[in-house]
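Colleague:
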Amino acid sequence: MTKSSNNIEPISTSLQFPQNFEDMYFSLFEEYTSLTRVVIEYTLLDEKCPCCDGTLHVIKTNIMEQIHIIPNHAQVLRITEHDYTCRECEKQDKPIFIRASMQKPLIKGFIASPSKLAVVLTSKYVDGLPLYRLAEELNRSGIYINPTTLCNWAIKGADMLMPIYEALQQILLEEPLIHGDETRLQVLKVPGRKATSQSYMWVCRNNKKSEFPVVLFENQPGDTPTAILTCWSGVLMTDAYSALRMLKNVTFLGCFAHTRRKFNDIVKIKGQHSQEAKEAVDTIAKLYVIEKETAILT
1 MTKSSNNIEP ISTSLQFPQN FEDMYFSLFE EYTSLTRVVI EYTLLDEKCP
51 CCDGTLHVIK TNIMEQIHII PNHAQVLRIT EHDYTCRECE KQDKPIFIRA
101 SMQKPLIKGF IASPSKLAVV LTSKYVDGLP LYRLAEELNR SGIYINPTTL
151 CNWAIKGADM LMPIYEALQQ ILLEEPLIHG DETRLQVLKV PGRKATSQSY
201 MWVCRNNKKS EFPVVLFENQ PGDTPTAILT CWSGVLMTDA YSALRMLKNV
251 TFLGCFAHTR RKFNDIVKIK GQHSQEAKEA VDTIAKLYVI EKETAILT
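With full-length UniProt numbering as the guide, the letters of the sequence shown map in order to residues 1 to 298.
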């Protein structure tokens, strides 16, 4: 092998693909049937043979597919509406005016389109992206919106979605069994609070196999559970949160996850000297197996 001038030996590598590689390659894209296909085709500008000036014809077509993503592709929508009048009616001193009315904006004076507001809400509440990071991401795409504005948009969006939230709450309160618990939530860049400070949200849900599965997140400091469930009667599976005992006409169920955690803490601390706690952890593990096996029957 001949060495190059910089004393680095060139390496020749031959990739060996399986015989059905082409079928395997295109099968990767079968699940993306909902995506728009953009065809980019390379053809010769001059289809004359360079040797004899004859006409070239295609003997083989090579195809490659790629997933192409356009991040934060933004447009300015200039929406115009026209007012019309009738010249003949004007001549008869009976003017008439007709407007080709545009779609009303979500909020008067609101510059965000419905799709833009959907991006903000999805980024924050589904993807868990802090608004200041979303603002930085938008800025890199030439869209300059500060986090405070994005926060106001999120609040306005939540207000508009409140009827849907109330409808979901009504579905939940018709259930005979509700699961409820607090979940930790880290809120960044809160004035006067450290980034490591923990916040909490109350989460209620019905059975995930219900006809209409519902998960509600609520935050009313101090009285969230009682505010949601004060007029509800049924079976509530939750932890031993003392404020819940104020609820009337409610039957409480304990949660194996919380129970196991307490026994498991004892096992971690005392080790082999906690036989009863270890038996409890093992028993709950067996119950988990039974629960998993019978889940498909319900």
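Every residue gets a Cβ at the ideal spot worked out from N, C-alpha and C, and that includes glycine.
1) Among the residues of its own chain, which have a CB less than 6 Å from the CB of Leu287, if the five just before and after it don't count?
2) Provide the residue span of the alpha helix (DSSP H) that contains Gly157, from first to last.
3) Do you know offhand how far Gly271's Cα is from Cys231's?
4) Mind listing, in chain order, the continuous alpha helix (DSSP H) runs of no fewer than 4 residues lying wholly within the stretch 195-262?
5) Excluding the 5 residues preceding and the 5 following Thr85 in the sequence, name in chain order all residues of the same chain whose CB lies nearer than 8 Å to its CB.
6) Between the C-alpha atoms of Tyr200 and Thr80, what's the straight-line distance to the nearest angstrom?
7) Are Leu172 and Val214 closer than 7 Å when you measure CB to CB?
8) Would you mind working out which of Ile228, Trp202, Thr226, Glu211 sits nearest Phe217, comparing C-alpha positions?
9) Of all the options Ile69, Pro147, Leu185, which has the alpha carbon lying nearest to the alpha carbon of Thr196?
10) Any idea which residues DSSP pairs Phe97 with across the strands?
11) By a C-beta neighbour count over all protein chains shown, 10 Å radius and 16 as the cutoff for buried, is Val120 buried or exposed?
12) Using DSSP with H/G/I as helix, E/B as strand and the rest coil, what is Gln186?
13) Following the continuous alpha helix (DSSP H) through Asn62, name the residue where it begins and the one where it ends.
14) Buried or exposed, going by whether 16 or more other CB atoms sit within 10 Å of the CB of Lys3?
15) Between the alpha carbons of Gln198 and Val190, how many angstroms are there, rounded?
16) Tell me whether the beta-carbon of Gly234 lies closer than 7 Å to the beta-carbon of Pro176.
17) The alpha helix (DSSP H) with Ile290 in it runs from where to where?
18) Report the partner residues of Asp181 according to the DSSP bridge assignment.
19) Just tell me which of Asn207, Val267, Ile178, Asn62 has its CA closest to the CA of Ile228.
20) Please classify Gly54 as buried or exposed, where buried requires at least 16 neighbouring CB atoms within 10 angstroms.
21) Given a threshold of 16 other Cβ atoms within 10 Å of its Cβ, counted over all protein chains shown, does Thr238 qualify as buried or as exposed?
22) So, at 7 Å on beta carbons, what are the nonlocal neighbours of Val126 in its own chain, with the 5 sequence-adjacent residues on each side left out?
23) Which one of Gly192, Ala118, Tyr144, Leu236 has the shortest CA to CA distance from Asn207?
Modeller: For this structure:
1) none
2) 147-160
3) 45 Å
4) 224-229
5) Pro95, Ile96, Phe97, Ile98
6) Take the alpha-carbon of Tyr200 and the one of Thr80: they are about 46 Å apart.
7) Yes, the pair counts as a contact, with Cβ atoms nearer than the cut-off.
8) Trp202
9) Leu185
10) For Phe97, the pairing in a beta bridge is given by DSSP as Thr85.
11) buried
12) strand
13) That residue, Asn62, is in no alpha helix (DSSP H); it is neither H nor E in DSSP.
14) With a pLDDT of only 42 at Lys3, under 50, the local geometry of the prediction cannot be trusted, and the value read off the model is given with reservation. Per the 10 Å Cβ criterion, exposed.
15) 11 Å
16) yes
17) 275-294
18) Val203
19) Nearest of Asn207, Val267, Ile178, Asn62 to Ile228, Cα basis: Ile178.
20) Of the other Cβ atoms in all chains shown, fewer than 16 fall within 10 Å of the Cβ of Gly54; this residue is therefore exposed.
21) buried
22) Result list for Val126: empty, nothing under 7 Å.
23) Leu236
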